[in-house]
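*Asks:*
Protein chains: 2
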Amino acid sequence: MSAPGNTAADLAERLLAGDKRALARAISLVENDDPEGWALVREVYPHTGKAAIVGFTGPPGVGKSTLIGRLIDHVRGREREVAVLSIDPSSPFTQGALLGDRIRLTDHFLDPGVFIRSMASRGSLGGLSEATLQAVLLMDASGKDDVFLETVGVGQAEVDIIDHADTVVLVLMPGSGDSVQALKAGVMEIPDVIVVNKSDHPLTDTMVREIRGTLSLAPQEGWRVPIVKTEASRSEGIDELAEKIEEHRAFIEEQGTLAERRRRNLMNEVLALAAARLRRRLEAQVSEDESVQELLDEVVARRLDPASAAAKLLEREL
Amino acid sequence: MSAPGNTAADLAERLLAGDKRALARAISLVENDDPEGWALVREVYPHTGKAAIVGFTGPPGVGKSTLIGRLIDHVRGREREVAVLSIDPSSPFTQGALLGDRIRLTDHFLDPGVFIRSMASRGSLGGLSEATLQAVLLMDASGKDDVFLETVGVGQAEVDIIDHADTVVLVLMPGSGDSVQALKAGVMEIPDVIVVNKSDHPLTDTMVREIRGTLSLAPQEGWRVPIVKTEASRSEGIDELAEKIEEHRAFIEEQGTLAERRRRNLMNEVLALAAARLRRRLEAQVSEDESVQELLDEVVARRLDPASAAAKLLEREL
């Protein structure tokens, strides 16, 4: 039952006009996997592709949200509209541990040019990455000039999410030893810009040198990854960071890599969506369909191997 | 063309008899996605489920391989046979950065009761987790009493891999600030045993306290996660670690959670395998099938949204 003025077409229209409440409602639809949400993205998709999407990642506690808050001030000063999407990790025991971070962004809640939203990790990997892209597309369609995407952590799941960004910023702080090790060992992807936040720490310069040494091992082709020192809580280094992000964007636009990157990401997304949908369909069958349960019982009893069971499931499906 | 004595049935027979070369060859088949490898796992699968599978994870540089080397000494002293599977991250710029770690295991290369193998990250997530399980099954079938599974990092990809283990050991060292933060924020899953290695560091006890404080926030039901201090390079704390690992296994066997855990993991694996296979099939179509290319071109041109394109791909397929 749709209230008057709340139909899908009307919602799309209000969204495209930049209405904040329409955007919030649209993202909720997508987050809840409501078919209306998918229909909405379909409708507004031709209006996307204009926003600059910047991803921020890094271990918890380095001050990403404070940094993003300062960057919001910066872009608002240039009269650009901005949306922030924070992806919360699923917290098995301290639900909302990162809520404090989000509260730091409340300064901007009353500014009509700023839209802030967080989404919690969904069970399935494909699911969250998928919902993230849809939410980013909705923000883009609603006329935001910049979309900031924030994730916590540096594993594969975060890489899949952050891949939706045109520019990836890795935020570290002195003491982020594990992350620098991961960068060194090649476990972590090389970002486009590296920030060392909380730079009033005495070990900051040591850390910058260590990161620089690590980067020098990477094949340098084209873009040279800048390392920016910030002290976000005192707004230090923010202008330089904003400048480096803009420089990176100008660079990839000029080189044609932005178009390439987006093409590759969209292609991966379509494939991931198809696989995730199939998986979801199979999961539903597991609980509903007795014969699927029997198949799994065979696997548990070591009579049927997992790969053969998967092939059988696919055969039934195809 | 099979050489005499090298047919699938013969390979299975030699593998089940504990032949090291047969095991090595079988894992290569699985790693290369050779259909013969899948056939082999199918054949030996009924002989699996006996090995104790212990997963080791943690950031690079904490000394996981040295620790595993010492644990090998320990289990060999009790005449148990052991296999080690190290999963290397895909290293975009320092290929083989972790090779040094593996070299530390060479002490055991001549021991017929020890089998050591590493596998590199494959492009697709499902792919590596999948290959890992197959390799573990082969090791299990070949009569190893213990299988040690080693991954680097603490993201979702590692969680998917480490989920194949019955007992998960998280290895940290003083200075693993990011990992403790991730544990605290709930980004990282709670392991069954935590090791603080390199415990001659002056900050060890501070770190143990911090971890203990973090764990105390978790709902304590059943197993209480022990924190073991080790100095692997001097073989200190190894006996205690081995004991805690055994205690955990006895606990989950007694509580029935081992069977539950394996059932859940096998079910997830079947679903992941099915989704990964479908994705691989779709990926092949992308390069081969012109109409799929056209579908993606529509997405890039913002005329067709990713979700609709994914639905169209699935429809064609199903």
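First to last, the sequence lines map onto chains V and Z.
Start counting the first sequence at 1; every next residue gets the next number (this note's numbering).
Start counting the second sequence at 1001; every next residue gets the next number (this note's numbering).
Note that the Cβ used here is the ideal one computed from N, Cα and C, for glycine as well.
Predicted model, so just to flag it, every value in this text is computed and none were measured.
(1) Tell me where the beta strand (DSSP E) around A1083 (chain Z) begins and ends.
(2) Do you know offhand how far D1305 (chain Z)'s Cα is from L1203 (chain Z)'s?
(3) So M358 (chain V) and P174 (chain V) are in contact, right, with Cβ under 8 Å, and what is the actual spacing, rounded?
(4) Between which two residues does the beta strand (DSSP E) containing E1294 (chain Z) stretch?
(5) Determine the burial state of D1101 (chain Z): buried for a count of at least 16 other Cβ atoms within 10 Å of its Cβ, exposed for fewer.
(6) Got a sec: is the Cβ-Cβ distance from M1267 (chain Z) to anything in chain V below 8 Å?
(7) Going along chain V in order, which residues have a C-beta closer than 7 Å to the C-beta of R1263 (chain Z)?
(8) Whole-angstrom Cβ separation of T66 (chain V) and S233 (chain V), contact assumed at under 8 Å?
(9) Is Q1255 (chain Z) close to chain V, meaning its C-beta is less than 8 Å from at least one C-beta of that chain?
(10) Around the Cβ of A1141 (chain Z), are there at least 16 other Cβ atoms within 10 angstroms (buried) or fewer (exposed)?
(11) Under 8 Å between beta-carbons, which chain Z residues line up against A9 (chain V)? List them in chain order, please.
(12) In the structure shown, what three-state DSSP assignment does I194 (chain V) receive?
(13) Leaving out the 5 sequence neighbours to the left and right, which residues in its chain are closer than 8 Å to I1190 (chain Z) when beta-carbon positions are compared?
(14) Let me check understanding here. Comparing Cα to Cα, which of V:R209, V:V84, V:A274, V:L15 lies closest to L1314 (chain Z)?
(15) Quick one: grab the DSSP three-state call for L1099 (chain Z).
(16) For K64 (chain V), tell me which candidate among V:L149, V:A120, V:E294, V:I252 has the shortest Cα-Cα distance.
(17) Quick one: give me the first and last residue of the beta strand (DSSP E) that F1115 (chain Z) is part of.
(18) If we cut at 8 Å on Cβ distances, does A17 (chain V) have a partner in chain Z?
(19) I want to know whether the stretch 247-257 of chain V touches the stretch 266-282 of chain V - three or more CB-CB distances under 8 Å.
(20) What's the gap between the Cα of Q134 (chain V) and the Cα of E1130 (chain Z)?
(21) Any C-beta of chain V within less than 8 Å: which residues of the stretch 1272-1284 of chain Z qualify?
(22) Looking at L1170 (chain Z) and the ligand NAP, is the gap between the Cβ and the nearest heavy atom below 7 Å?
(23) Would a C-beta distance cut-off of 8 Å place R1070 (chain Z) and V1114 (chain Z) closer than the cut-off?
(24) Please report whether the beta-carbon of S1291 (chain Z) lies at a distance below 8 Å from any beta-carbon of chain V.
(25) By the three-class DSSP mapping on this structure, what secondary structure does A1310 (chain Z) have?
(26) Quick check on DSSP: helix, strand or coil for T1206 (chain Z)?
(27) For the stretch 1161-1178 of chain Z, which residues have a beta carbon sitting closer than 8 Å to at least one beta carbon of chain V?
(28) Got a sec? Which residues, its chain only, sit under 6 Å from F1093 (chain Z) by beta carbon, not counting five neighbours each side?
(29) Does DSSP classify E189 (chain V) as helix, strand or coil?
(30) Taking C-beta to C-beta, are Q1293 (chain Z) and V1300 (chain Z) nearer than 8 Å?
(31) Run through chain V and tell me which residues come within less than 9 Å of L1149 (chain Z), C-beta to C-beta.
(32) Based on the DSSP output, what are the partners of F1251 (chain Z) in its beta bridges?
(33) Assign Q1181 (chain Z) to buried or exposed, taking buried as 16 or more other Cβ atoms, counted over all protein chains shown, within 10 Å of its Cβ.
(34) For chain V, is any of its Cβ atoms less than 8 Å away from the one on D1205 (chain Z)?
(35) Assign L1125 (chain Z) to buried or exposed, taking buried as 16 or more other Cβ atoms, counted over all protein chains shown, within 10 Å of its Cβ.
(36) What residues in the stretch 1060-1072 of chain Z have a beta carbon less than 9 Å from any beta carbon of chain V?
*Replies:* In terms of the structure at hand:
(1) 1082-1088
(2) A straight-line Cα-Cα distance of about 53 Å links D1305 (chain Z) and L1203 (chain Z).
(3) In the structure as shown, chain V begins at 1 and stops at 318. Residue 358 (chain V) is therefore absent and cannot be evaluated.
(4) It is not in any beta strand (DSSP E) - E1294 (chain Z) instead sits in the alpha helix (DSSP H) that spans 1290-1300.
(5) Below a pLDDT of 50, predicted positions are generally treated as unreliable, and D1101 (chain Z), at 47, falls in that range; the measurement from the model is reported next regardless. It counts as buried.
(6) yes
(7) Under the 7 Å cutoff, chain V gives V300.
(8) 6 Å
(9) It does not; no Cβ of chain V falls within 8 Å.
(10) buried
(11) Correct list: empty, because the minimum Cβ distance to chain Z is about 16 Å.
(12) strand
(13) L1183, L1215, A1218, V1225
(14) Nearest of V:R209, V:V84, V:A274, V:L15 to L1314 (chain Z), Cα basis: V:A274.
(15) Here the model assigns L1099 (chain Z) a pLDDT of 43, short of 50, so the residue's position is not dependable, and the following value carries that caveat. DSSP places L1099 (chain Z) in helix when its eight states are reduced to three.
(16) V:L149
(17) Counting along the chain, the beta strand (DSSP E) containing F1115 (chain Z) begins and ends at 1114-1120.
(18) Not a single C-beta of chain Z is nearer than 8 Å to the C-beta of A17 (chain V).
(19) No, because fewer than three Cβ pairs between the stretch 247-257 of chain V and the stretch 266-282 of chain V fall closer than 8 Å, the two stretches do not touch.
(20) 28 Å
(21) A1272, L1273, A1274, A1275, A1276, R1277, L1278, R1279, L1282, E1283
(22) This structure simply doesn't include the ligand NAP, nor any ligand for that matter.
(23) no
(24) no
(25) helix
(26) helix
(27) G1175, S1176, G1177, D1178
(28) The pLDDT assigned to F1093 (chain Z) is 41, lower than 50, so where the model puts this residue is not dependable; a value taken from the coordinates is nonetheless given after this. Cβ within range, chain order: n/a, list empty.
(29) Reduced to three states, the DSSP call for E189 (chain V) is coil.
(30) No, the Cβ-Cβ distance between Q1293 (chain Z) and V1300 (chain Z) is not below 8 Å.
(31) For L1149 (chain Z), none of the residues of chain V pass the 9 Å Cβ criterion, the least Cβ distance being about 16 Å.
(32) Bridge partners of F1251 (chain Z): none, in fact.
(33) buried
(34) no
(35) Residue placement at L1125 (chain Z) is flagged as unreliable, the pLDDT there being 41, under the threshold of 50; a coordinate-derived value is accordingly withheld.
(36) For chain V, the residues of the stretch 1060-1072 of chain Z that bring a beta carbon within less than 9 Å of one of its beta carbons are P1060, G1061, V1062, in chain order.
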